[in-house]
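Numbering (our numbering), first residue to last: 9 to 336.
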Ligand code: ADE
Ligand code: ZN
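Structural data, given as structure tokens:
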């Protein structure tokens, strides 16, 4: 049996970042928006480094202009996830892109995304939940407005709050109010850290924002004491190896620290981040990890159990996903 066909749980997936380039080109044509600069001659997204990636990401997102656009996006993304064996995913969604942080508009976007997700659950047996995400380089003021949108809509579908974007913009403590607001609303917390920032950035993030999961977190490997602490405290790492390799953080799969982090006792999970940008899928991530580290079905089973343990959804949904994994 190929590891690619195993059932999967994905915790770290940006909804806009999962948009197939053909989908974005189609919307751009409908809306007469010129996006030629963000695609190469084969029609793939093109960028030279992480910071250019963020610009291309935001340009592509610019054609997503209505709740219906997001409903179509959600359907396209979930079809791809389901084809890769994903039975449960949590996706980052940003009121910055969905209604400009206006709570009323945000509710309309959210309703459209949820409806599309429910249709995908009926047709493809994949369950989706949302993590409202502020964008670090948009600044703390906008993050506060985003946190208020998150708090207003916290519940059975919006289950978490996070921060993405340029890790080198500002400091984690600038976003503490937003994280406190989300925590008080009952949301579970994750933060991108230890991707472009080193061990100190991870320590600062844990101190200021107190997340239970870290987006990436892989650069903890540069500090053995921090690795021990992550393992002891049970901080879950949403590791996206294909993303890290594509963006040049590591020169190849075999030099990626995921295997060393797992062996050191860290709670490691596997996700795609922004799959078409990095020419990956969950099935591809599993295959490459098998090739690079000889991970077998037992190792992937551990990864998936760790991810299931770390989901932000309610207990009933979690039990349903556990059954679905058992059956598969
Ligand atoms: N937004 C989308 N992908 C991201 C990444 N890999 N890091 C930070 N912010 C992001
Ligand atoms: Zn990410």
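Built from N, CA and C at the ideal position, the CB exists for glycine as well.
Keep in mind the model is a prediction, meaning the values are calculated, not measured.
Alpha-carbon to alpha-carbon, residue j and residue i
{"i": "residue 244", "j": "residue 317", "result": "10 Å"}
{"i": "residue 295", "j": "residue 302", "result": "10 Å"}
{"i": "residue 156", "j": "residue 287", "result": "34 Å"}
{"i": "residue 111", "j": "residue 46", "result": "31 Å"}
{"i": "residue 62", "j": "residue 300", "result": "28 Å"}
{"i": "residue 204", "j": "residue 145", "result": "13 Å"}
{"i": "residue 82", "j": "residue 259", "result": "32 Å"}
{"i": "residue 284", "j": "residue 21", "result": "11 Å"}
{"i": "residue 51", "j": "residue 44", "result": "9 Å"}
{"i": "residue 73", "j": "residue 232", "result": "45 Å"}
{"i": "residue 171", "j": "residue 23", "result": "14 Å"}
{"i": "residue 211", "j": "residue 335", "result": "40 Å"}
{"i": "residue 92", "j": "residue 257", "result": "25 Å"}
{"i": "residue 183", "j": "residue 10", "result": "43 Å"}
{"i": "residue 312", "j": "residue 25", "result": "22 Å"}
{"i": "residue 242", "j": "residue 66", "result": "33 Å"}
{"i": "residue 13", "j": "residue 261", "result": "20 Å"}
{"i": "residue 274", "j": "residue 42", "result": "45 Å"}
{"i": "residue 70", "j": "residue 104", "result": "11 Å"}
{"i": "residue 314", "j": "residue 326", "result": "12 Å"}
{"i": "residue 207", "j": "residue 309", "result": "28 Å"}
{"i": "residue 32", "j": "residue 129", "result": "23 Å"}
{"i": "residue 36", "j": "residue 68", "result": "9 Å"}
{"i": "residue 321", "j": "residue 100", "result": "14 Å"}
{"i": "residue 252", "j": "residue 236", "result": "22 Å"}
{"i": "residue 319", "j": "residue 87", "result": "21 Å"}
{"i": "residue 270", "j": "residue 57", "result": "27 Å"}
{"i": "residue 106", "j": "residue 77", "result": "10 Å"}
Residue i - DSSP class collapsed to helix/strand/coil
{"i": "residue 247", "result": "strand"}
{"i": "residue 16", "result": "strand"}
{"i": "residue 53", "result": "strand"}
{"i": "residue 139", "result": "strand"}
{"i": "residue 337", "result": "Given that the chain is displayed from residue 9 to residue 336, the structure contains no residue 337 and the question cannot be resolved."}
{"i": "residue 278", "result": "strand"}
{"i": "residue 171", "result": "strand"}
{"i": "residue 200", "result": "strand"}
{"i": "residue 41", "result": "coil"}
{"i": "residue 96", "result": "strand"}
{"i": "residue 253", "result": "helix"}
{"i": "residue 166", "result": "strand"}
{"i": "residue 21", "result": "strand"}
{"i": "residue 101", "result": "strand"}
{"i": "residue 47", "result": "strand"}
{"i": "residue 304", "result": "coil"}
{"i": "residue 157", "result": "helix"}
{"i": "residue 179", "result": "coil"}
{"i": "residue 292", "result": "helix"}
{"i": "residue 71", "result": "coil"}
{"i": "residue 109", "result": "coil"}
{"i": "residue 64", "result": "helix"}
{"i": "residue 134", "result": "coil"}
{"i": "residue 258", "result": "coil"}
{"i": "residue 321", "result": "coil"}
{"i": "residue 186", "result": "helix"}
{"i": "residue 232", "result": "helix"}
Check: residue i C-beta below 6 Å from any heavy atom of the ligand ZN
{"i": "residue 151", "result": "no"}
{"i": "residue 57", "result": "no"}
Cβ pair residue i, residue j closer than 7 Å
{"i": "residue 39", "j": "residue 290", "result": "no"}
{"i": "residue 386", "j": "residue 154", "result": "This structure leaves residue 386 out entirely; the chain is present only between 9 and 336."}
{"i": "residue 95", "j": "residue 328", "result": "no"}
{"i": "residue 276", "j": "residue 293", "result": "no"}
{"i": "residue 228", "j": "residue 238", "result": "yes"}
{"i": "residue 139", "j": "residue 163", "result": "no"}
{"i": "residue 79", "j": "residue 124", "result": "yes"}
{"i": "residue 108", "j": "residue 143", "result": "no"}
{"i": "residue 217", "j": "residue 98", "result": "no"}
{"i": "residue 223", "j": "residue 200", "result": "yes"}
{"i": "residue 234", "j": "residue 219", "result": "no"}
{"i": "residue 190", "j": "residue 215", "result": "no"}
{"i": "residue 134", "j": "residue 90", "result": "yes"}
{"i": "residue 250", "j": "residue 225", "result": "no"}
{"i": "residue 151", "j": "residue 186", "result": "yes"}
{"i": "residue 213", "j": "residue 180", "result": "yes"}
{"i": "residue 116", "j": "residue 148", "result": "no"}
{"i": "residue 53", "j": "residue 29", "result": "yes"}
{"i": "residue 221", "j": "residue 192", "result": "no"}
Cβ-heavy atom distance, residue i to the ligand ADE, below 6 Å
{"i": "residue 25", "result": "yes"}
{"i": "residue 68", "result": "no"}
{"i": "residue 179", "result": "no"}
Any non-hydrogen atom of the ligand MG within 6 Å of residue i CB
{"i": "residue 111", "result": "By its list of ligands, the structure shown excludes the ligand MG, since it contains just the ligand ADE and the ligand ZN."}
Any residue with its C-beta under 6 Å from a non-hydrogen atom of the ligand ZN counts. Can you list them all in chain order?
20, 22, 172, 200, 223 and 281
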